[in-house]
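Engineer: In our numbering, the protein residues as written are 36 to 300.
No residue lacks a Cβ here, since even glycine has one placed at the ideal position from N, Cα and C.
This is the structure I want to talk about, given as structure tokens.
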Amino acid sequence: MTPVVFFLLLLPVMLIPSVSLSLSTLYGPRLETWHKKAHHTVFVTICHTVKSHLLKHGDIKPVSNRNAVPCTATGCKWPKTGSYVIVPVAISSDFDPQQLDTIVRALVGFHQSTCIRFVWLTNQANFLYFFSGTGCWSFLGRQSGGQAISLQKDGCVYFSSVQHEVLHALGFHHEHVRSDRDSYVNVNMQNVQPGMESNFEKVQTNNLGTAYDFNSVMQYSNSAFSKNNQPTITAKSNPNLVLGGAAQMSPNDVARFNRLYQCCK
36 MTPVVFFLLL
46 LPVMLIPSVS
56 LSLSTLYGPR
66 LETWHKKAHH
76 TVFVTICHTV
86 KSHLLKHGDI
96 KPVSNRNAVP
106 CTATGCKWPK
116 TGSYVIVPVA
126 ISSDFDPQQL
136 DTIVRALVGF
146 HQSTCIRFVW
156 LTNQANFLYF
166 FSGTGCWSFL
176 GRQSGGQAIS
186 LQKDGCVYFS
196 SVQHEVLHAL
206 GFHHEHVRSD
216 RDSYVNVNMQ
226 NVQPGMESNF
236 EKVQTNNLGT
246 AYDFNSVMQY
256 SNSAFSKNNQ
266 PTITAKSNPN
276 LVLGGAAQMS
286 PNDVARFNRL
296 YQCCK
């Protein structure tokens, strides 16, 4: 797939034009050198510090000072600068050019419909760092300092999974654990793998006045964590509805982001 113009990450207030460039032209030697620097500095200082954390809800790294209260009400939103939410990013040299392109396109996808703008890390204190760890995971909301997002290169580097983990880092939970989920889905605990029950615990969420979204990129599949290939999540309105197939953020995902970060003001 032809890559999009990622050099606009360096110009965060501009819109993305409909221009196509080759990967080598797009990234060039400057980015290759920058990646090597990121891999040898940011990786060492961040990624080795998160190994002891257990995942919650399948792909969220917990921190000790976060509880069930929506973190966006207690300081984990990324700040706005004028009309934009500026988020610095670094990407390790773990990824091959095609995977790098997927990550870049997923990030730029936010530019097209929200007020977030991803920029290359220079000397900012808080930033996202993408690396190939064990599995797919992120922390919930902005953390102090460098914030790791794991995208295991042998199975996690997809457009939808990148956007999924980035939304976690921006403060958004999975759809199936939101506070009103019992009105929309059944969670079939009898089919859940032993030890994985916590992945289905409801949390207190700010639903921002939006309905449950079966098409959300944050919706898990019907058979997530199933022990017997039977569904663990089914829609109350239609038990045969296929869940978890989103290829990218849904209009509802975009609306929630824009409401939380007040993009229309």
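Tell whether a beta-carbon distance below 8 Å holds between residue 178 and residue 164.
Structural biologist: Taking the first residue of the sequence shown as 1, we reach residue 178 at position 143. Taking the first residue of the sequence shown as 1, we reach residue 164 at position 129. Result no, Cβ atoms of residue 178 and residue 164 do not sit closer than 8 Å.
Engineer: Give the DSSP bridge partners of residue 172, in chain order.
Structural biologist: Numbered from 1 along the sequence shown, position 137 holds the residue referred to as residue 172. Paired residues: 185.
Engineer: Measure the beta-carbon distance from residue 260 to residue 227 and round it to whole angstroms, keeping in mind my assumption that it falls under 8 Å.
Structural biologist: Along the sequence shown, one-based indexing puts residue 260 at 225. Along the sequence shown, one-based indexing puts residue 227 at 192. The pair is a contact, with the Cβ atoms about 5 Å apart (cut-off 8 Å).
Engineer: What residues match up with residue 151 in a beta bridge as DSSP calls it?
Structural biologist: By 1-based counting over the sequence shown, the position of residue 151 is 116. Looking at the DSSP assignment, residue 151 forms a beta bridge with 120.
Engineer: So which of 209, 229 and 230 has the shortest CA-CA distance to residue 220?
Structural biologist: Position 185 of the sequence shown, counted from the start, is the residue given in the question as residue 220. Looking at the Cα atoms, 209 is the closest of the given residues.
Engineer: How many angstroms separate the CA atom of residue 167 from the CA atom of residue 152?
Structural biologist: Along the sequence shown, read from residue 1 onward, the residue named residue 167 stands at position 132. Along the sequence shown, read from residue 1 onward, the residue named residue 152 stands at position 117. Cα to Cα, residue 167 sits roughly 23 Å from residue 152.
Engineer: Going by Cα to Cα distance, which pick from 149, 256 and 206 is closest to residue 280?
Structural biologist: Position 245 of the sequence shown, counted from the first residue, corresponds to residue 280. Selected option, being the one with the closest Cα: 256.
Engineer: Scan the region 190-231 and note each continuous alpha helix (DSSP H) run of 4 residues or more that stays entirely inside, going in chain order.
Structural biologist: Listed in chain order, the complete alpha helix (DSSP H) runs (minimum 4 residues) inside the region 190-231 are 194-204.
Engineer: Put residue 145 into one of helix, strand or coil per three-state DSSP.
Structural biologist: If you number the sequence shown from 1, residue 145 lands on position 110. It is helical.
Engineer: Going by beta carbon distance, what residues of the same chain come within less than 7 Å of residue 251, once the five residues before and after it are set aside?
Structural biologist: As a first step, residue 251 is located in the sequence shown; it is residue number 216 there, counting from the start. Taken in chain order, the residues that qualify are 210, 281, 285, 287 and 288.
Engineer: Roughly how many angstroms separate the alpha carbons of residue 194 and residue 174, rounded to a whole number?
Structural biologist: For this step, residue 194 is matched to residue 159 along the sequence shown. For this step, residue 174 is matched to residue 139 along the sequence shown. Going from the Cα of residue 194 to the Cα of residue 174 covers about 19 Å.
Engineer: Which same chain residues end up closer than 7 Å to residue 232 when comparing Cβ atoms and leaving out the 5 residues on each side of it in sequence?
Structural biologist: For this step, residue 232 is matched to residue 197 along the sequence shown. Cβ within range, chain order: 224.
Engineer: Could you give the distance in angstroms between the alpha-carbon of residue 269 and the alpha-carbon of residue 216?
Structural biologist: Here the question's residue 269 lines up with position 234 in the sequence shown. Here the question's residue 216 lines up with position 181 in the sequence shown. Roughly 11 Å between the two C-alpha positions.
Engineer: Whose C-beta lies closer than 8 Å to the C-beta of residue 271 among residues of the same chain, with five residues either side of it excluded?
Structural biologist: Within the sequence shown, the letter at position 236 stands for residue 271. Correct list, in chain order: 218, 219, 220 and 221.
Engineer: Using 8 Å as the threshold, is the C-beta distance between residue 162 and residue 201 below it?
Structural biologist: Reading the sequence shown from its first residue, position 127 is the one you call residue 162. Reading the sequence shown from its first residue, position 166 is the one you call residue 201. Not a contact, by the Cβ cut-off of 8 Å.
Engineer: Using three-state DSSP, classify residue 290 as helix, strand or coil.
Structural biologist: Taking the sequence shown and counting its residues from 1, one reaches residue 290 at position 255. Helix.
Engineer: Take residue 148 and list the residues in its own chain whose beta-carbon comes closer than 7 Å to its own, dropping the five residues that flank it on each side.
Structural biologist: Your numbering for residue 148 matches position 113 in the sequence shown. Result list for residue 148: 289, in chain order.
Engineer: Let me know the secondary structure DSSP gives residue 258 once reduced to three states.
Structural biologist: On the sequence shown, position 223 is the one that residue 258 refers to. Residue 258: coil per DSSP, three-state reduction.
Engineer: According to DSSP, is residue 295 part of a helix, a strand, or is it coil?
Structural biologist: Indexing the sequence shown from 1 puts residue 295 at position 260. Helix at residue 295.
Engineer: Just the C-alpha distance for residue 142 and residue 198, rounded to the nearest angstrom, thanks.
Structural biologist: What you label residue 142 is simply residue 107 of the sequence shown in a count that begins at 1. What you label residue 198 is simply residue 163 of the sequence shown in a count that begins at 1. Roughly 7 Å separates the two Cα atoms.
Engineer: Taking 6 Å as the limit between beta carbons, can you name the residues of its chain near residue 254, skipping five residues before and five after?
Structural biologist: Translated into the one-based positions of the sequence shown, residue 254 becomes position 219. The answer, listed in chain order, is 210, 278 and 279.
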